[in-house]
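For the sequence shown, our numbering assigns the number 287 to the initial residue and increments by one for each residue that follows.
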Amino acid sequence: MKIYRISFIAMFILIIGIPLFGLLWYKEPEVTENKVLSKKPAFMNEDKINVNFFQDLNEYYSDHFAYRQELVTANAVIKDNIFGESSEDLAIVGKDGWLYLKVSLDDYQGINVASERGLNNMAKTLSLMQEYANNLGGSFVFICAPNKNTLYPEYMPYYYKAVNEDNNLDLLTTKLSSYGINYVDAKAIFEAEDEILYHKGDSHWNNKGAAMMQDAIFDVAGVEHTDFTSLKYTTYDTFQGDIDKILFPLNRHNELEYDYSKHLYYKYLTPISETSIVEESIVETTNMSGDGDKLLCFRDSFGNTLLPFMAHEFDYSYFSKNVPYRIDYMYEKGINVCVVELVERNLDQLVKFAPVMPAPLRVFNEPTTEYNNDKTNIKVSVYENYYKLTGEVDSSVVSDDSPILIRLTSDTNVFVVEAFPVDEDYRDNGLCDYGFTAYISQGALPSGEYVLEIITENSVYYNMLCDTKIDF
Numbered sequence: 287m288k289i290y291r292i293s294f295i296a297m298f299i300l301i302i303g304i305p306l307f308g309l310l311w312y313k314e315p316e317v318t319e320n321k322v323l324s325k326k327p328a329f330m331n332e333d334k335i336n337v338n339f340f341q342d343l344n345e346y347y348s349d350h351f352a353y354r355q356e357l358v359t360a361n362a363v364i365k366d367n368i369f370g371e372s373s374e375d376l377a378i379v380g381k382d383g384w385l386y387l388k389v390s391l392d393d394y395q396g397i398n399v400a401s402e403r404g405l406n407n408m409a410k411t412l413s414l415m416q417e418y419a420n421n422l423g424g425s426f427v428f429i430c431a432p433n434k435n436t437l438y439p440e441y442m443p444y445y446y447k448a449v450n451e452d453n454n455l456d457l458l459t460t461k462l463s464s465y466g467i468n469y470v471d472a473k474a475i476f477e478a479e480d481e482i483l484y485h486k487g488d489s490h491w492n493n494k495g496a497a498m499m500q501d502a503i504f505d506v507a508g509v510e511h512t513d514f515t516s517l518k519y520t521t522y523d524t525f526q527g528d529i530d531k532i533l534f535p536l537n538r539h540n541e542l543e544y545d546y547s548k549h550l551y552y553k554y555l556t557p558i559s560e561t562s563i564v565e566e567s568i569v570e571t572t573n574m575s576g577d578g579d580k581l582l583c584f585r586d587s588f589g590n591t592l593l594p595f596m597a598h599e600f601d602y603s604y605f606s607k608n609v610p611y612r613i614d615y616m617y618e619k620g621i622n623v624c625v626v627e628l629v630e631r632n633l634d635q636l637v638k639f640a641p642v643m644p645a646p647l648r649v650f651n652e653p654t655t656e657y658n659n660d661k662t663n664i665k666v667s668v669y670e671n672y673y674k675l676t677g678e679v680d681s682s683v684v685s686d687d688s689p690i691l692i693r694l695t696s697d698t699n700v701f702v703v704e705a706f707p708v709d710e711d712y713r714d715n716g717l718c719d720y721g722f723t724a725y726i727s728q729g730a731l732p733s734g735e736y737v738l739e740i741i742t743e744n745s746v747y748y749n750m751l752c753d754t755k756i757d758f
């Protein structure tokens with residue numbers, strides 16, 4: 287009896303010791319989880335004792351103990367195959383091996399739909415960007431990449447039901463038409479295709495879908511281009527999706543992908559490894575055509591597969607994942623085509639970050655009614671060579687679609703500009719439909735001290751005098 291007890295204790299110690307002592311021989315595989323793992327701590331940091339060494343060591347061990355990836359994979363496989371559930375909060379396990387991002391669930395169910403003014407604010411932001419591009423003699427196109435469960439809802443789990451038939455993408459699409467914005471209706475294009483053009487284990491479209499979107503974008507922009515959808519491609523079956531890698535780090539599923547690389551001609555100007563270059567926040571390319579055409583593309587991860595097809599067409603291309611959108615680069619870099627690609631689940635980004643560009647001048651001669659209370663405020667700061675004006679107005683003095691104007695008055699001059707309907711102070715605390723942001727170049731106005739007024743409209747025009755003044 288005693289030998290069994292000793293054997294049991296020894297076996298228990300061996301098992302619980304494997305994660306620690308296994309580090310002596312265990313070679314950690316590539317980490318694909320959606321988290322930043324702790325780095326190995328040093329006892330000395332810059333000739334000083336690291337007082338948090340043991341805390342850091344504990345965090346490092348929690349992220350790197352032997353066979354951690356195997357246990358993560360086993361947990362995911364068990365939950366997927368037995369319970370039909372995801373082991374990660376960020377993912378949804380659907381039918382037939384389909385995986386979805388949970389962050390797209392609000393759009394799928396019609397939850398947290400933007401207000402009427404919120405939708406107008408999104409469209410207004412794009413409208414002001416398009417106006418700026420057109421005034422420089424350039425073209426502008428917006429494309430919203432649909433969430434995967436928007437296009438392929440039949441593979442979603444049955445227990446996720448729509449709460450509201452309305453969603454931001456459909457409602458905004460209607461607004462885009464009324465505002466005259468050049469846009470690609472990607473949802474309609476994909477829905478017209480019998481072929482599935484998104485990956486099962488990834489959150490994005492495949493290369494064939496990207497080629498189709500490139501063709502649609504440049505058709506709307508009026509840019510002569512190669513129609514890659516009509517060209518021959520090769521295929522490979524070793525593609526592994528981003529969600530699949532996170533859920534099953536050591537049991538990934540291979541999928542079919544399309545390769546058009548033999549038709550693509552461009553090179554990277556960005557001095558980093560080309561193996562992961564499309565993931566970078568800033569990417570510059572050239573096709574060395576010398577024709578002078580230049581592209582500015584604001585994008586997210588859906589632009590990773592778009593990038594090669596778009597770069598092929600331009601003498602110079604500047605791709606950016608950064609916000610705010612620096613559309614003023616069109617002027618600085620002499621760019622003649624601007625494309626904004628934004629995924630459906632992040633449409634609210636249009637009213638969280640005001641694009642950087644000189645606020646457009648407006649002619650305003652209407653009589654106004656003075657209105658002031660503590661709900662109207664303005665803050666002035668300096669952003670590079672701009673004055674940045676941000677604030678919020680009382681909801682009672684604006685309608686669902688009225689613009690927010692800023693009047694600047696000196697002893698000898700009066701100027702009126704239109705602001706973006708964006709209050710960046712609210713982006714971490716929900717959305718505010720009544721905010722505004724305007725950038726004014728510091729050398730744009732004649733020198734002098736300017737008094738600021740906010741002008742809005744709701745049946746009548748209101749003016750709100752601000753305490754803040756600006757010296758130009």
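All residues carry an ideal CB built from backbone N, CA and C; glycine is no exception.
**Asked** Identify the residues that DSSP records as bridge partners of residue 429: which are they?
**Response** 470 and 627
**Asked** Would you call the region 603-610 and the region 627-642 touching, i.e. three or more CB-CB distances under 8 Å?
**Response** Segments in contact, yes.
**Request:** Pick helix, strand or coil for residue 454, following the three-state DSSP scheme.
**Result:** helix
**Message:** So, for residue 410: in the same chain, excluding its five sequence neighbours on each side, which residues have a beta-carbon less than 6 Å away from its beta-carbon?
**Reply:** 707
**Item:** Nonlocal neighbours in the same chain, by C-beta distance under 8 Å from residue 367, ignoring five residues either side
**Value:** Confidence at residue 367 is low in this model, with a pLDDT of 48, below 50, so the placement of that residue should be treated as unreliable; the coordinate-derived value is given next. Excluding residues within five positions, none has a Cβ falling inside 8 Å.
**Request:** Please classify residue 732: is it buried, with 16 or more other beta-carbons within 10 angstroms of its beta-carbon, or exposed?
**Result:** exposed
**Segments of 3+ residues assigned as beta strand (DSSP E) that fall wholly inside the region 626-686** = 663-669 and 672-678
**Residues that DSSP places opposite residue 545 in a beta bridge** = 520
**Request:** Check whether the Cβ atoms of residue 626 and residue 428 sit closer than 8 Å, and answer yes or no.
**Result:** Yes. Within cutoff.
**Request:** Report the residue from 677, 680 and 644 whose alpha carbon sits nearest the alpha carbon of residue 727.
**Result:** The residue among 677, 680 and 644 with its C-alpha nearest the C-alpha of residue 727 is 644.
**Message:** Can you check which of these residues, 717, 684 and 724, is closest to residue 743 by C-alpha distance?
**Reply:** 684
**Message:** Check whether the region 741-757 and the region 685-694 are in contact - that is, three or more C-beta pairs closer than 8 Å.
**Reply:** yes
**Message:** For residue 500 and residue 441, what's the separation of their Cα atoms in angstroms?
**Reply:** 27 Å
**For residue 736 and residue 653, the rounded distance between their alpha carbons** = 20 Å
**Item:** Any non-hydrogen atom of the ligand PLP within 7 Å of residue 429 CB
**Value:** The model on display carries no ligand, and the ligand PLP is accordingly not part of it.
**Request:** Using the DSSP secondary-structure output, state which residues sit across from residue 749 in a beta bridge.
**Result:** 656 and 741
**Item:** Under 8 Å between C-beta atoms of residue 751 and residue 702
**Value:** no
**Asked** Residue ranges of each alpha helix (DSSP H) run of no fewer than 4 residues wholly in the region 595-622, ordered along the chain?
**Response** 615-618
**Message:** Does the contact criterion of 3 or more C-beta pairs under 8 Å hold for the region 526-544 versus the region 384-403?
**Reply:** Yes, the region 526-544 is in contact with the region 384-403.
**Message:** Are the CB atoms of residue 437 and residue 477 within a distance shorter than 8 Å?
**Reply:** yes
**Asked** From what residue to what residue does the beta strand (DSSP E) around residue 378 run?
**Response** 377-379
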